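Student:
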Amino acid sequence: MHLIDRYAYGNRIRQVDPALKAGLASTILLLCLLLNEPLVGLVAVGGTSVLTITIAHIPAKTFGRVLLAQAAFLIMATIGIVISVSLVNPTGFTDWSCQIGPLWLSSSPAALQQAGLIVTRALGAAAAMNFLALTTPLVDLLDLGRRLHVPIILLDLMTLTYRFIFVLLDSLDTMYNAQACRLGYHTSYRRSMNNAAVLGSRLFIDAFQRSRRLEIALQSRGFESDLRVLPTTYERNGRLLAAGLLIALSMVVAWIIA
Amino acid sequence: MSNIFDFQQVCYTYPGTDKQALDGFSVAIPKGKKTAVVGRNGAGKSTFFLHCNGLYKPKSGNVFFDEQPLDYSRKALRTLRQKVGIIFQNADDQLFSASVAQDISFGPMNLNLPESEVRQRVQEAAALCDIGTLLDRPTHALSGGEKARVALAGVLAMRPDVLLVDEPTSSLDPLMRRQVFTVFHRLQQQGKTIILATHEMAIARHWADFVIVLDAGRVLAADTPEVIFANEEILTITGLAEPWYKPLEA
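In order, the protein sequences belong to chains Y and H.
Quick note, my numbering runs 18 ahead of the 1-based positions in the first sequence.
Quick note, my numbering runs 65 ahead of the 1-based positions in the second sequence.
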């Protein structure tokens with residue numbers, strides 16, 4: 019969370035209009051979903067990697083690690099598609115089978131192909147979203163939401179949630195340290211669990227009291243019904259736009275070839 | 066000399082409690098001066114502040130701002146809150162946006178100013194508080210001292226006539242304190258009234274023109290620092306006598 023946040027604020031295309039970044043990411047995502055071919059997904063992964071690493075200057079290692087984490091989840095999820103388990107011998111349906119005790123495990127070229135398609139498609143879509151997440155801080159996305167007339171109440175809730183995640187994490191840290199300093203987690207498992215529960219309830223009360231103080235502070239600055247703030251001004255970036263369009267085009271070409 | 070605030074026999078109890086947070090609270094605060102509000106924890110400093118911008122309404126008694134009784138209508142409160150800026154003790158309670166620039170723009174936007182004017186005020190307030198370089202930073206990446214100055218800028222961008230600050234020095238290092246007081250000095254030269262709630266007797270004695278001593282929801286004394294600090298009785302009752310630390314006798 020902190021890592022992604024840091025890159026979102028510190029990358030080379032931070033000042034670029036979020037409309038462009040979000041537009042590119044969602045175009046690539048949509049193409050991944052519409053053009054149902056493994057090659058399209060691979061082109062999307064390759065294209066967004068180049069975009070993120072060379073234009074936004076996010077380290078390749080970071081981009082790779084985020085994508086790898088998602089790939090791990092994806093592969094686990096597709097195990098069920100690749101391998102079927104049954105009590106009867108599947109011979110006749112497929113040649114790829116083996117028996118473990120009373121169970122038959124089997125697979126087929128069609129199942130593998132299906133899994134390959136799902137993994138590449140999903141990975142392409144995920145890479146596009148990673149590009150957006152790593153280059154655009156949430157405040158810019160909220161700004162974009164305002165321009166797109168997303169309901170204000172939703173945006174205000176997101177503004178406060180995002181801001182107070184960090185405040186709450188700080189409180190959590192302090193409270194945990196205070197407990198640990200008095201050996202709250204050093205005696206028994208039972209005591210540790212009990213102390214963690216106390217910490218949770220304390221955090222809830224803390225959040226509640228904080229919300230009262232926030233309301234008072236906001237009203238003091240003339241808060242009436244919504245959190246009105248100045249829209250940020252952004253830069254245009256022709257290079258990014260051109261690169262993005264090139265990726266979208268190559269995805270279409272990849273689809274035609276496949 | 067006119068008074069910026071005049072409290073006359075104000076009483077206030079928090080909902081759900083019997084204890085009088087303000088109990089016949091009467092004081093007149095001079096306009097354009099530096100005032101320090103001192104008193105023990107729970108003496109009513111914060112409750113008093115929240116009466117100054119109409120967030121709390123007295124159960125009985127009257128509050129005057131600039132010689133006029135407070136008007137609690139929606140429209141009047143908006144004007145009042147522009148003129149009376151409050152800075153809270155904990156900056157994290159006040160900063161709601163993850164963007165420093167957007168947080169500072171919140172007050173001026175609520176005044177329905179045109180965008181160009183808001184932009185100019187954000188820059189101006191940031192320059193006044195020396196945080197021009199922080200405008201693009203996320204709020205959660207700031208240090209305590211930086212947050213305190215951003216909170217200050219957020220209020221100053223509304224161009225208040227009066228500034229009420231709750232514990233401006235707590236949790237700031239000496240250098241930051243000096244910086245914050247430099248800002249107060251600039252404001253005072255513009256003719257603004259500054260009211261600080263503080264536990265630091267050095268501020269009350271050497272910085273303030275006027276000192277108010279609170280105890281249990283009442284004003285015990287309100288006078289120049291010379292008079293207040295010559296009154297042993299007041300200092301003993303409130304435990305404000307200097308120095309606050311003495312080695313324990315064996």
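Just so it is clear, CB atoms sit at the ideal spot from N, CA and C, and this is done for glycine as well.
Given the structure is predicted, the values throughout are model-derived calculations rather than measurements.
1) Any contact between the segment 212 to 228 of chain Y and the segment 138 to 152 of chain H? By contact I mean 3 or more CB pairs, one from each, below 8 Å.
2) Can you check which of these residues, Pro77/Y, Leu159/Y, His167/Y, is closest to Tyr252/Y by C-alpha distance?
3) Who are the Cβ neighbours of Lys148/H in its own chain at under 6 Å, not counting the five residues just before and after it?
4) Please tell me whether Gly40/Y and Cys50/Y are closer than 9 Å, where the distance is taken between their beta carbons.
5) Quick one: list the residues of chain Y neighbouring Gln147/H, beta-carbon separation under 7 Å, in chain order.
6) Can you find a CB in chain Y that lies within less than 9 Å of the CB of Ile302/H?
7) Count the other CB atoms, across all protein chains shown, that sit within 10 Å of the CB of Ala87/Y; report buried if there are 16 or more and exposed otherwise.
8) Rounded to whole angstroms, what's the CA-CA distance from Asp136/H to Gln73/H? Just pull it up for me.
9) Say whether chain Y places a C-beta atom closer than 9 Å to the C-beta of Gly150/H.
10) Where do the N-terminal and C-terminal ends of the alpha helix (DSSP H) with Asp158/Y fall, by residue?
11) The beta strand (DSSP E) spanning Leu261/H covers which residue range?
12) For His205/H, decide whether its Cβ has a neighbour in chain Y, counting only Cβ atoms nearer than 9 Å.
13) Taking all protein chains shown into account, decide if Met266/H is buried (16 or more other Cβ within 10 angstroms of its Cβ) or exposed.
14) Pull the bridge partners of Ile94/H from the DSSP assignment, please.
15) Quick check: what's the CA-CA separation for Arg239/Y versus Arg231/Y?
16) Rounded to whole angstroms, what is the Cα-Cα separation between Ile223/Y and Ile22/Y?
17) Considering only DSSP beta bridges, list what Pro203/H is partnered with.
18) What's the gap between the Cα of Ala269/H and the Cα of Val103/H?
19) In the DSSP assignment, what residue or residues form a beta bridge with Ser6/Y?
20) Mind checking who Asp280/H pairs with in its DSSP beta bridge?
21) One question on the structure: do Asp201/H and Ile152/H come within less than 9 Å of each other, judged by their Cβ atoms?
22) Beta-carbon within less than 6 Å of Ala272/Y's beta-carbon, same chain only, minus the 5 sequence neighbours each way: which residues are those?
23) Per DSSP, Pro134/H forms a beta bridge with which residues?
24) Report back the beta-carbon spacing between Asp35/Y and Arg254/Y to the nearest angstrom; my notes put them in contact at under 8 Å.
25) Closer than 7 Å by beta-carbon distance: list the chain Y residues that pair up with Arg243/H, in chain order.
26) Flag this pair as yes or no: are the beta carbons of Ala145/Y and Ile71/Y separated by less than 9 Å?
27) Quick one: residues in its chain with C-beta nearer than 7 Å to the C-beta of Ala190/H, no 5 flanking neighbours on either side, listed in chain order?
28) Looking at the structure shown, is Gly304/H part of a helix, part of a strand, or coil, going by DSSP?
29) Leaving out five residues on either side along the sequence, give the residues of the same chain with a beta carbon under 6 Å from the beta carbon of Val276/H.
30) Using the beta-carbon of each residue, which ones in chain H are nearer than 7 Å to Gln88/Y?
31) Shorter than 8 Å, the distance from the beta carbon of Tyr77/H to the closest heavy atom of the ligand FMN, or not?
32) Between Asn54/Y, Ala151/Y, Val168/Y, which has its C-alpha nearest Gln132/Y's C-alpha?
33) Which residue wins for smallest C-alpha separation from Gly126/H, given the options Ala262/H, Ser235/H, Leu87/H?
34) Would you say Asp168/H reaches chain Y, if we count a Cβ-Cβ gap shorter than 9 Å as a contact?
35) May I have the straight-line CA-CA distance separating Asp188/Y from Val75/H, to the nearest angstrom?
36) Measure the C-alpha to C-alpha separation of Lys98/H and His271/H and round it to an integer number of angstroms.
Tutor: Taking the coordinates as given:
1) no
2) Leu159/Y
3) Pro225, Asp226
4) Gly is not the amino acid found at residue 40/Y; the sequence shown has Ala there. No. Outside cutoff.
5) Gly240
6) no
7) exposed
8) 15 Å
9) yes
10) 156 to 165
11) 258 to 262
12) yes
13) buried
14) Phe70/H
15) 13 Å
16) 29 Å
17) Ser164/H
18) 8 Å
19) Outside the shown range of chain Y, which is 19 to 276, sits residue 6/Y, and nothing can be said about it.
20) Arg283/H
21) no
22) Leu57, Val58, Val61
23) Phe129/H
24) 6 Å
25) Chain Y residues near Arg243/H: none, gap ~25 Å exceeds 7 Å.
26) no
27) Ile169, Ala218, Leu221, Ala222
28) coil
29) Ala101, Ala269, Pro290, Ile293
30) Those do not exist, as Gln88/Y stays about 25 Å from chain H at its closest Cβ, beyond 7 Å.
31) With respect to the ligand FMN, the structure offers nothing, as it holds no ligand at all.
32) Asn54/Y
33) Leu87/H
34) yes
35) 38 Å
36) 13 Å
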